[in-house]
Structure formats: C-alpha cells, structure tokens
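Asks: Mapping of the sequence shown onto my numbering: position 582 corresponds to residue 961, and the numbering continues sequentially without gaps.
Just dropping this structure here.
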Amino acid sequence: MRSLRCSSLRPDSGHLDRPISRRRFSAVALARVVSPAMVGRDEELSIVEDALLSALRGDGGAVVVGGEAGVGKSRLVHELTRRALRLGCTVMSGVCSEAELSLPYLPFLEAIGNHLSTQDIAALRERLGPAAEELAQLFPQMGRAQPPAGDAVQAKLRLFEAILLLLRDAARERGLLLVLEDLHWADPATRELVDYATRRLRNTNVLVLATYRTDELHRKHALLPTIQGWRRSGQAHLIELTPLRAEAVKDMVVSIFDEPDVSDEFRDFLHQRSEGNPFVLEELLRDAIDRGDIFKTDKGWDRKAIHEIRMPRTVRDTILVRVGGLSPDHVEILSAASAIGQSFDLATLTAVTGRSSAAVLSALEASVTNQLLEEADRTSGRYVFRHALTREAVYEDIIVPRRQQLHARIAEVLESQPGWKAVDLAHHLLMAGNYQQAVGMCVAAAEAAIAARAYKDAAELFERATPHVTDAVERGRLMCRAADALWLNFEPSAARPLLEQGVKDLEAAGLKVEAAGHRLLLGRCIWEMLRPDLAREQFEQAKDVLEAAGPSEALAVAYIRLSGLELFDKSGDSGLAAAERAAEVARLAGSSMALAWSWNFIAMAKVTTGKIEEAYQYLEDSYRAARDGGHDFQTQNAVFNSAWCAVHLGHGRRARYWFDRYTGAAAEASGSYIQGMIKLHEGAIKEATALARIALQKARDSGNEKNAWRASVLLAEALAEAMRPDEAAAELPPVSSRVEGQDSIYDTTARVRGRLAAGDVEGAFEAVRDFAPKMADLGSPADAIAEAAASHPEWLRSFLDRMPNQDVEPPLPRAEVARGRLALAEGRHADAVRMLGAAEAFFRKEGFLLDAWHAGRALAEAEAASGDQSACRKRLEQIVGEAEASGARLAARLARDTAARLEIEIAPSSAAVIEAEAVADVVGTGERMVSVLFADVRGYTELTGSTAPASMTDRIASLQRWAGQEVARHHGIVDKFAGDAVMATFNVSGQSVDHALHALQAAIAIIDKAALVGLPVGAGVAVGPAVVGRLAESANVSVLGSVTNLASRLQAQAPAGEVMVSEEAYGRVKDWIQGRGGAGERVELTLKGFGGPVVAYRIGTRAGIQA
C-alpha cells in the first residue's frame, strides 16, 4: 500500500487516510503479528525436503539445524512437518528442557510417548519382540521392565537398539520424521542417543531433524564436540540459519500486513533494528502496533515517520513492555508459569498459584492474545511460551527471593501429583535453596538415570548433590558413584579426581577394603590416561589390602590388572603367573566373571610364547564364559584382544570372525579402531581412514587418551598408505608418547610407511633401529622393519636372530616376510622366492591385500633376480592395478619404483572421468543418443478450479524451481517450462553413458518433491537419437527427433506418482531399479503417431501422490 511506502506520513497530518477509531484500533492491535509465510529460506527448505524424500526411499539420516534464538529454526521444522504429514509420514516430535536437571532422554520420551498413545500396544510388543522389555525401562506401557543384567555398557546399547527398532517400526509404512528441538539443552543421555541414531538410522526410512541454538554453544558447551564430530564425519547434514537479508525482511513485512510493498527506508530501518532475526522483527512490529507507531486506516496500514517510531533497543525490552501491559494478577500467574518451565499444564499452574481456575484461564488467555504463550495441546490443557526468549525475559525479571518461593511451591505441588519424577523435584528444590531435601532427590534421580542407562546424567546428579553432603563417608561414596558412572560413560579423565578424593575420604574413615575396590577403577582410569607406572601403584596398593582380607572377586581383578601391565610390556612369564593367580582366586571366590576374564590374559601370555592355537582356545573359552555369564565388558575384551592378535598374526579371516562378534557401545572407540585396522590390511584405505577418524573422535570425546593414541597411530598409517605423508606426520604421536613396550608394535609400521611415503628411506631405517626384538613375538612388525632395513642386511640378520618364536609352525607370516627380505638382500634368491611366495599367498588367502602388495613387491624383485622376468612383470602389474584401484597409493608407487629400477615398463593408470554436463559442453550441432524427460501435473485444470490462484501460483513456482534444480543435479538441461509441464534433455554433450539413469532419477525426484506441496505429477522418459545443438547463433539448444515425441506420449500415459519409460530406457536402468528392490511393470501402449503397440514400463516412486 502507499502508506507503508511513504515515510513522510503523519497520523495527524490531515491526510485523508485518517487513523481508525480507538475501539477498532484496539482490536487490530491485539491481532497476532506472525508472518503467514516463511521467507528467505528456500535453500534450507530444499535441503530438508531432499532429506525427507531420501528417507522415504530408504536412505534416511539426520539434518541438524543451528542458528541464534529466533532466527527461524522452529519455523523450518514446522514447514517440513506439514510436508511430511501431507505425504502420510509418521511424525514424532520432542523438545529438550531448559531446566538445569531434566529427565534422561526427555525429547525421546515425549516423542515416543505421544506415538505410543496412538498404537495397539499388544501388536507393537509382538512386532518388537524382546526389545519391548528393554523399552519398558522408559515406557511402562510396554510391559514389565526386566531387572538390570550383565554389563552396564551393553545394557545401554540394548536400550538404544530397542529405541531405534521402535523408530524403524513407526517408519515401516510411509516413513518417519523425528523432530528433536533445542539440543543445546539436551541432557547427556539424549546427546549420546542422538549421536548413536545418526549413525544407525542410515539406509532406513527415518529422518532425524534436530535444532540447536548457536548462541548457546560457548567453547566448553557439552554439545559442541558432538556438533564438531558430525561436521568432520558427515554423519549428519549441518545447516546454519543466518540472519535474513534486507529484501527478506521486506518480504516478511509485506506478508504480515498483506501489503504490496514497503519503502526502502522502512525496510532498512527494520533490518537494522531486528538484525535480520525473524522473531525479533515480529516482536518489534507487534510493539509498534501496540504503541500506535503502525496503525490501520480505512484504506490500509500506515505508520509514523521513521524518527518518530520508538522501538525498544532489545527483544527482552520488547517482551517486558508487553508483559507490563497485563494486569498485575496476570503478570504474577505468568511469572509462576515461567518458573515451572518452557511448557506447563493448567492444573499444575493453578495449584502453584493458588488462584481459581477462572483467574488462571483469564491470565492464560491474555498471554496468548499478547503473543507470550501458545496452546500446545487443547486436549490436555498444556501451554508453552511462544519462544524460549519469552520465558527467559519473564523469568529473569523475577527477584531471586520470589523465584525461590515459586520453586519451593512447585516442588510441593509436583510431589503431591501421581507419577512425579525425582529429577524434577531435585531441580526445583535446588533452585529453592532447599539443599537437604534436594540431596535425596538427586541420588534417587541418579539411580533412576542408571536404570535408564543414562550414566552421564547419573554422574552429574551425584556431583550436584555432593557439595551439600556434610558426612565425609557419604560424600566420598557419592564421589565414587559419580566416578563409576563417568567411567561407564568412557570418561576416565573426569572420573579420576572424583575417585582420588573419594578413596581418600573412605580410607580416612578406616574403610580400607571398600576404598581398595575403588582403587582398582582409579588405576584403570590412570592407565587409560597413559600412565601405566601410576596405575601399577594403585593396583599394587589395592592388591595388598585385598590379599589380607582373603579371596574375593576384587582381588582376582587386581591380579588381572597387574597381569595386563606385565603383558603390555611383553613380560610373558610374570604376566602368565599373575593371570593364573587371578584364575585361582576367582575359583576360590566363586566369581565367574573374574575366572572368564583371567582366561583372556592367560591367552595373551600364551601368544608371547608362540602357542598360538592354545591362545585362541583360551580366548574362545573366555568369550563364551563371559557371554554366557552376562559379563559384557569381559566379552568385548576377549573380542578386542582376539581381533588385535589376529591382525598382527596376519590371520585376516579370524580377525573378521572376531570383529563380527563385537557389540560394543556406540560411544566406545574400540569397535571403530578394530574395524579400521582390518580395513587397512584389506587394502580399503579410504574406509580405514574414515574409521580411524571416527575412533579418534570417540576417544577424545570420552577423554580416553590411550584409545586416542592408538587411533592417531592408525590414522597416520592409513594416511601414509594414501600417499599423504605430511598429514600422516602431523597425526603420528611422537616416539616419546610410548608408555608401554607394546606401543612400539602399534606404531612402528606407521612410522616406516610414513617415512617411505615422504621418500625418506634412511629415515625409515632410523625409525626401527632401536626396536627391541623381543617385542616382535607375533611376527609383527618384523615385515615393516625388514622393509626399512633392506639396505642394512647385517643389522637385519642380528635383529632376526634375536626375535622370539623362531620355530613356530606354521611360520608366523610377518616374520617369514622379514626372513624373505633378508634372503633377498643376502642374494639367496631361491630362499627369498620360497619364503616371500608363501607369505604373499597366505596374506591373499586371508584377504589382507595390503600386506600381500607390500610382500609381493619384494617377491617380484626376488623373481626377477631368479631370472623369471615374466612372473615379476605380472606381479608388479597386478599390485599396481589392485593398489591404485583401492587407493593404496604408497603400495602402488613403491611397486612402480621397483619396476623402474628393474627396467620394467608399467602403463600409467587411467580412469574415465565424466564431468557434469552443461550447455557449454555442447560441441557443434549433431546427432547424439539422448534421454528426454517430460513431466506435468495431473488434473491441473481441476486443481486450479479448487485452489486459490495465489496458492496455485506459489506451488507451480516451487515445482519449476525444484525441476530446474533436479535436472541440473542430474547433468541435464531444461528445454522449457510450460505452466505445469517441464521438458528436459540429458546427454546434450554426447559424453554421458548413464544419461537414462540420470533422467529417471530426476523424474522420480521431481514427482516426489511435487508431492510435498500436494501436486500429483506423472512423467515419461525415452531414449533415442536426436539432433542436438544451437540452430542459430543466439538460440537456445534444440533437441529434434522422434524421441521427444515418444517421451511426451509416455508422460501422458503415466498415472500420478509414476514414471513411464520406454523399452530402450528400461533396459538401461533395469539393474539400478532391481538393485533397489524394485521392478518395472511391462505394458503395451497405443500412442498417437506410432504405427503399432509401444512397449513401455511403469515405475512407481516412493513419495509421489498416487492416482
């Protein structure tokens, strides 16, 4: 309108557009000031729409939206939710609580709890099977929860898997959108479960859409490592909403006031004052209306001059001005609501305030009218503050003594209600300053968190209670309980100081045996922090105290820990003695857990003496006994040790066999580390690198320095094998970081390969010169050592002569490689061929191709020296081809270097790279094989008759935007848009071999996206020759041929939600369709312009609106 564009207009200027009457102005002033349309977020909306459609096709995942408060995260969620519901998806949503203490898994409890209320629980329990009992821990309606059994960490994993199984069940028909808002307030258990879900819900029909406030994420915020981990790993798509540009602010104002235009002056003024924040803009406009700075006239909206508009400086001031417009009674009730939390119910607020229901309802109505509150659920009488900023402004305006009174009253009310939660009472009692009662509630809440497998939450609750406990013994016990929960959550560095103080308090009270049990955990934490010397002191002190008290499980564990320290330093005899003593004590104490665990360490001692098969049998016995006894930590310990030994022994099949048994917790680094080791030796360098990075991040997140060190070494080795020596050197820990003898087994190969990748052959030898031969009892890393010492045969012979387990049968393959390399260096070529040939064949049989390539290179050299040039050439060509295809660039480069040294020519590698097509790729006019796509809206005429013109225009504009994006994404060009129809061509450059697949994928994407806005679209795709090019210098690209007519006719025959493809096109895409579990329906069509029946195939889409 003209008024909002005219900056000189005054309400008293005598202008014909006089302000409306005060009575009418009041009605207008109380109207909601909210933009009816989302503006300025097309790109972000497109990303989440794509993610939703991908999930419906079975390619689920997670999108995490960040941004400052009020920037539009919830609006984006709302828009996608509307689209998901339109497609028939199941939608679950939950919000994290702003309370300092909250229930573990709160947003999941809300989201899943609401879903369960609509389900046939009996049928659901039957579908979920044993998982239903796990879910009963959190959802009593699922049945009777089973008492905790087995290892706590594995119990948490079972709970997580049960929750994900429930989500997959909810997604089984039309997919699931799971919305989790305000992750910046998430409790630790929620953060861990969300992180776990982002990894495990890929290749499902579930999309997780989460939000968080970037302005809350300070440097030490607990969510920050998770966000950084997602950014590095790519396991979640991160979107950050930025402030709106000035033009988008203008569009919002136009939308709110339903006016055609806004002056540039007013646009810039609002953009500057709101800083592009949509919520702030709405609040400022609402305040301007309330003040009369913006007003309604008989001809539309008008405003004062810019210099007369009195807008508050902050959004808090804006909110408080509006609160100040309420009556004192209403303000008091609203303040009580803010103390309860972001959301609350009518009954609780009524009880807290002590007012009548009518008075409370009156206050709520006034607050809703003034855009301070919103109705969350009319049925249950729940209300929610319009925005977190609104609640914060109201709450922070309450003086502290009044806040404490409110929290005390809220605690009383909650305790009087059935089903109250200890964590809620603990929060309000602490905020009220009632610490004596709060301690008991914190402990009760922590125990409930442990039962729910939320160990970090439990630790925080114990720690929250500790400062308010006066008795030293009880305080020490609480500290130890908190530390135990932290260790279960893989946080040894956080657990250590609590254990040190707790043990000190218990010993001071004379409770030495109790303290000794906690010393064992303290020693383990210290060991994980790379101080085995200090860990030994703790284990020895605990052992001495416990030995005097007689056989016990704790004493057996003390001997197991000491055995481990001996074995890690390759002191096999003393390690075996400690492990056998542990087994003896375990039998006397009747501890099945300690007995099973002791066999694990007996096995490791057997390995050091070359009794490989006997060691494997002990590991098998340990695994089975621990598994059958429900001792999950010991079970996974057997798996880790077995897989680790198998890798270093070169036993690829056994390594995979043992890793397949791994069921460790999501947050633990060990699983990713072992899998990365296996992938590395299999030659899958890219996968190994990714797994090493994941393991490293998990270890760092948990504070486990030992696992972080191991993962860094693995990452460095993978980077070296990828010929990225500078990155490898940056990741590789210094030699000084070794703290145990076995550490040299972990890192020596990485050091050798890193130097070789850098071209530093002598540096590689320097890296192994001081390696102790006794450490190579598994044969590893003798192969890498021999490679580095190839030019130093005398040193190498001395080294090999002092290596243990020389007479093991069959020979250790890595030791055999070392002996073969020595034979090659000494000119014993026949011996070299025999030894290296046996080792290379063994590695290939075991699937350890990387080891086969490195050994094979030396074997090829021995074959050449023996006169078999043909075998040498074939072997080197095979190594180069396989290694380059797998990304093992170091192995390939070293093989090429060997070939060059032997004057053998190997052809350079070639890879067909197909660049993305664009119009510029067209070279001249000519005939090419192309794919043509036609798509249009079904029932368009009827739709236009039943839909408002503005709405239909918006939907068609969205369709054209999406079509353009999808065609470009699939390397095609849009020939033309014609209202509701689109034509596109693929392979205009004549260089694409899979253009038919690109056309089909674009068609499916267009159909599915159109369904988001309720447009039923069908499409046709045909393949055939056409003349493509610019028929005139300034003309667009033209496509001439019968294929365009065929695609158009096929499109006309396609029902909504389907693609009709020609027989030629189907032959090109059939494998892709069948690979995704689909199939085309063969039909014969009579088409205008074609002489006989035309064979075509109907292909349905996942999300499209069906006919």
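Just so you know, even glycine gets a beta-carbon here, dropped at the ideal spot from N, CA and C.
Which runs of the alpha helix (DSSP H) spanning at least 4 residues fall entirely within the stretch 601-639, listed in chain order?
Replies: 603-612 and 625-636, all fully within the stretch 601-639.
Asks: May I have the straight-line CA-CA distance separating Ala1217 from Ile1452, to the nearest angstrom?
Replies: Cα to Cα, the separation comes out at about 44 Å.
Asks: Closer than 6 Å by C-beta to Glu560: which residues in its own chain qualify, once you throw out the five before and the five after it? Chain order, please.
Replies: Val474 and Thr590.
Asks: Taking the alpha helix (DSSP H) that Lys1355 belongs to, which residues open and close that run?
Replies: Where Lys1355 is concerned, there is no enclosing alpha helix (DSSP H), although the beta strand (DSSP E) it sits in stretches over Gly1351 to Ala1357.
Asks: Comparing alpha-carbon positions, which option in Arg461, Ala935, Tyr995 and Leu941 lies nearest Arg966?
Replies: The shortest Cα separation from Arg966 among Arg461, Ala935, Tyr995 and Leu941 belongs to Ala935.
Asks: Residues bridged to Tyr762 by DSSP?
Replies: Partner(s): Phe723 and Glu754.
Asks: Compute the distance between the beta-carbons of Ala957 and Leu974, then report whether it is under 9 Å.
Replies: It is not a contact, given that the beta carbons lie outside the stated cut-off.
Asks: In the stretch 1068-1105, which residue ranges form an unbroken alpha helix (DSSP H) of at least 4 residues, counting only runs that do not cross its ends?
Replies: Counting whole runs of 4 or more residues, the stretch 1068-1105 contains the alpha helix (DSSP H) stretches 1084-1100.
Asks: In the DSSP assignment, what are the bridge partners of Phe918?
Replies: Paired residues: none, contrary to the question.
Asks: What residue ranges within the stretch 767-814 form continuous beta strand (DSSP E) runs of no fewer than 3 residues, ordered along the chain?
Replies: Complete beta strand (DSSP E) runs here, min 3: none at all.
Asks: Between Ala1264, Ala887 and Leu1255, which lies nearest to Arg1280 when the distance is taken from Cα to Cα?
Replies: Nearest C-alpha to Arg1280: Leu1255.
Asks: Below 7 Å CB to CB, which residues in the same chain sit around Ala1290 once its five sequence neighbours on both sides are set aside?
Replies: Unreliable placement is indicated for Ala1290, whose pLDDT of 36 sits below 50; no coordinate value is reported for it.
Asks: Whole angstroms is fine: what's the gap from Pro1113's alpha carbon to Ser1170's?
Replies: One C-alpha to the other measures close to 25 Å.
Asks: Would you mind listing the alpha helix (DSSP H) stretches within the stretch 836-910 that are 4+ residues and don't spill past its ends, in chain order?
Replies: Segments of the alpha helix (DSSP H) lying fully in the stretch 836-910: 851-867, 871-887 and 891-907.
Asks: If you follow the beta strand (DSSP E) that Tyr591 is in, where does it begin and where does it stop?
Replies: Segment Val585 to Arg592, the beta strand (DSSP E) holding Tyr591.
Asks: Can you list, in chain order, the residues of its chain with a C-beta nearer than 6 Å to that of Val1292? Leave out the 5 residues immediately preceding and following it.
Replies: Only weak support is given to the placement of Val1292: the predicted model assigns it a pLDDT of 31, under 50, and the value that follows is read from those uncertain coordinates. Nothing listed; no residue qualifies.
Asks: For Trp1373, which residues in the same chain have their Cβ closer than 6 Å to its Cβ, ignoring the five residues on either side in sequence?
Replies: Here residue 1373 turns out to be Asp, not Trp, going by the sequence shown. No residues qualify anywhere along the chain.
Asks: I believe Leu728 touches Ile719 by the beta-carbon criterion, under 8 Å. Please report the beta-carbon distance rounded to the nearest angstrom.
Replies: Their Cβ separation, rounded to whole angstroms, is 7 Å, which keeps Leu728 and Ile719 in contact under 8 Å.
Asks: By a C-beta neighbour count over all protein chains shown, 10 Å radius and 16 as the cutoff for buried, is Pro1395 buried or exposed?
Replies: Result: buried.
Asks: Glu1047 to Tyr834, Cα distance in whole Å?
Replies: Spanning the two alpha carbons is a distance of roughly 14 Å.
Asks: Taking the alpha-carbon positions, what's the Val1474 to Glu1463 distance?
Replies: One C-alpha to the other measures close to 5 Å.
Asks: CB-CB under 6 Å to Phe1221, same chain, minus the five flanking residues each way: which ones, in chain order?
Replies: Once the five neighbours on either side are set aside, the close Cβ partners of Phe1221 are Pro1192.
Asks: On the three-pair Cβ rule with 8 Å, is the stretch 426-434 touching the stretch 593-601?
Replies: These segments do not touch.
Asks: Could you check whether Arg1461 and Ala1433 sit closer than 9 Å to each other, using their CB atoms as the reference points?
Replies: Not closer than 9 Å, so no.
Asks: Compute the Euclidean distance between the alpha carbons of Val407 and Val1316, then round it to the nearest angstrom.
Replies: The pLDDT assigned to Val407 is 42, lower than 50, so where the model puts this residue is not dependable, and the model offers no usable value.
Asks: Any heavy atom of the ligand PLP closer than 8 Å to the beta-carbon of Arg665?
Replies: For the ligand PLP, the structure offers nothing, since it holds no ligand at all.
Asks: Three-state secondary structure (DSSP) at Ala730?
Replies: Ala730 falls in the helix class under three-state DSSP.
Asks: Identify every run of the beta strand (DSSP E) within the stretch 1396-1447, keeping only runs that are complete inside it and at least 3 residues long; order them along the chain.
Replies: Counting whole runs of 3 or more residues, the stretch 1396-1447 contains the beta strand (DSSP E) stretches 1396-1409, 1416-1419 and 1437-1441.
Asks: Can you tell me which residues form a DSSP beta bridge with Val442?
Replies: Partner(s): Leu588 and His616.
Asks: Return the CA-CA distance between Glu654 and Pro622, expressed in angstroms with no decimal places.
Replies: One C-alpha to the other measures close to 7 Å.
Asks: Return the residue from the list Asp776, Ala1274 and Ile685 that minimises the CA-CA distance to Val700.
Replies: Measuring from the Cα of Val700, the nearest candidate turns out to be Asp776.
Asks: Taking the alpha helix (DSSP H) that Val739 falls in, what are its first and last residues?
Replies: Val739 -> alpha helix (DSSP H) spans Ser736 to Thr748.
Asks: What would DSSP say about Arg1477, mapped onto helix, strand or coil?
Replies: Strand at Arg1477.
Asks: Specify the secondary structure class of Ser387 as computed by DSSP and reduced to three states.
Replies: Here the model assigns Ser387 a pLDDT of 35, short of 50, so the residue's position is not dependable and the matter cannot be decided.
Asks: From which residue to which residue does the beta strand (DSSP E) around Met983 run?
Replies: From DSSP, Met983 is part of no beta strand (DSSP E) but of the alpha helix (DSSP H) over Ser971 to Thr987.
Asks: Can you tell which of Gly1050, Leu459 and Gln996 has the C-alpha that lies nearest to the C-alpha of Asn1016?
Replies: Among Gly1050, Leu459 and Gln996, the Cα nearest to that of Asn1016 belongs to Gly1050.
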